[in-house]
Amino acid sequence: MQEFELLNRVFALNASLPPSVTLGPGDDMAALQLATGTSTILVAADSAVEGVHTPLGGDAYDLGRKAVLRNLSDVAAMANARPLAVLACAMIPKGTEPARIWRLFSGVRETAMTWHAPLVGGDTTVVTDQSALCVAVTILATRVDESAPIVTRANALAGDGVYVTGSIGGAWDRTTGLGRHLNFAPRLEVAQSLARLLGTRLHAMIDVSDGLAQDLAHIARASAVTIDLELARVPVAPGWEARLAVAHGEDYELAFTAVGEVPPLLEGVPISRIGTVRAGAGALMLVEGDRSQPATDAGWEHAT
Ligand SMILES: [Mg+2]
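Using the numbering used here, the first residue of the sequence shown is number 361, and each one after it goes up by one.
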């Protein structure tokens with residue numbers, strides 16, 4: 361079973377959520393508000409597993425850091441959001457050197473503090489039949505501007521431009537597992553600036569973790585629109601070909617849709633227009649010259 365199918369089946373059981381859940385499962389974060397007029401609390405969780413998200417046997421600091429960075433990237437994806445705090449639960453193979461566990465939690469704590477999110481709780485469990493170190497991090501966030509909305513995946517509108525920050529492709533090396541996915545700067549500042557600058561012209565946003573094509577398809581589905589992604593316009597990393605880059609994953613850039621002018625550079629981060637939103641049935645189309653085809657297998661997800 362594929363990851364998204366499994367999660368969708370689980371979330372489908374949440375038929376009626378209480379009114380305090382203002383944004384339910386299926387976006388980069390969920391949102392909670394206890395009473396009208398009070399602060400919105402955003403929450404998300406991500407894990408990092410040695411051998412899946414970082415190379416096996418590497419510095420455990422990298423594992424802790426990556427778990428937090430993945431969460432921070434989800435905070436960025438809500439645009440009008442800033443991190444508040446993190447909690448971390450580690451699953452530790454029996455016999456792991458204490459120094460390695462210390463490195464893991466140092467990676468979590470120091471990374472979170474860098475982005476003003478103190479580590480406020482967590483847990484460790486020693487596991488006997490497991491050899492990979494794992495850490496699951498929960499992040500809490502709130503709105504930067506309490507009078508403005510958060511930006512979800514579900515509000516892309518026909519006529520919007522489609523944009524991406526930075527460059528796509530080459531974030532991890534298939535052979536070594538190394539690359540910038542181990543130590544990237546989450547796009548919090550550029551996301552917050554976009555929210556401030558564009559206001560209600562900023563319609564939908566997602567962080568690019570599963571591959572640009574897959575993540576744009578999430579926006580298309582959630583917003584019930586069609587997105588034309590022009591491959592020639594995708595800013596690919598040096599040595600990369602667009603068709604491979606959009607399926608590769610782990611870029612941790614932001615993809616978004618907006619109407620009107622969008623600056624080509626913000627907070628020192630290049631922003632490229634890569635496509636257009638049009639009315640349609642929730643599909644992503646890959647456009648090359650005058651050829652256009654539905655993106656079906658682009659992107660990846662963890663098979664269970
Ligand atoms: Mg995300």
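No residue lacks a Cβ here, since even glycine has one placed at the ideal position from N, Cα and C.
Closest option to Leu444, judged by alpha-carbon separation, among Lys426, Gly417 and Val480: Val480. Proximity annotation: ligand 1 has residues Asp388, Ser433, Asp434, Ala437, Ile566, Asp567 and Ser569 in chain order, each selected because its CB is closer than 7 Å to a heavy atom of the ligand. Boundaries of the beta strand (DSSP E) harbouring Met565: Leu562 to Val568, taken from the DSSP string. Using a 10 angstroms sphere on the CB of Gly620, the tally of other CB atoms stays under 16, which defines it as exposed. Rounded to the nearest whole angstrom, the C-alpha separation of Glu590 and Asp388 is 24 Å.
Of the residues Pro379, Phe544 and Gly384, the one whose Cα lies closest to the Cα of Ala372 is Gly384. DSSP places Asp520 in no beta strand (DSSP E); its state is neither H nor E. The Cβ neighbour count for Gly628, taken over all protein chains shown within 10 Å, is under 16; the residue is labelled exposed. Non-local beta-carbon contacts of Glu648 in its own chain, meaning distances under 6 Å to residues more than five positions away in sequence, involve Leu591 in chain order. The three-state secondary structure of Met473, taken from DSSP, is helix.
Here DSSP, grouped into helix, strand and coil, assigns Arg442 to strand. About 15 Å separates the beta carbons of Asp520 and His578, which is beyond the 8 Å limit, so they are not a contact pair.
Within the same chain, and ignoring the five residues on either side of Val428 in sequence, the residues whose Cβ sits closer than 7 Å to its Cβ are Val446, Val468, Thr471, Ala472 and Val497.
Collapsing the DSSP output to three states places Gly467 in a helix. Per the C-alpha coordinates, the member of Cys449, Asp505 and Ser527 positioned closest to Val487 is Cys449.
Taken atom to atom, the span from the alpha-carbon of Leu625 to that of Val550 is near 9 Å. Gly529 sits close to Trp600, with the two beta carbons spaced by under 9 Å. Judged by beta-carbon spacing, Ala492 lies within the 9 Å limit of Gly411, meaning their Cβ atoms are closer than that value.
A straight line joining the alpha-carbon of Gly418 with that of Gly424 spans about 11 Å.
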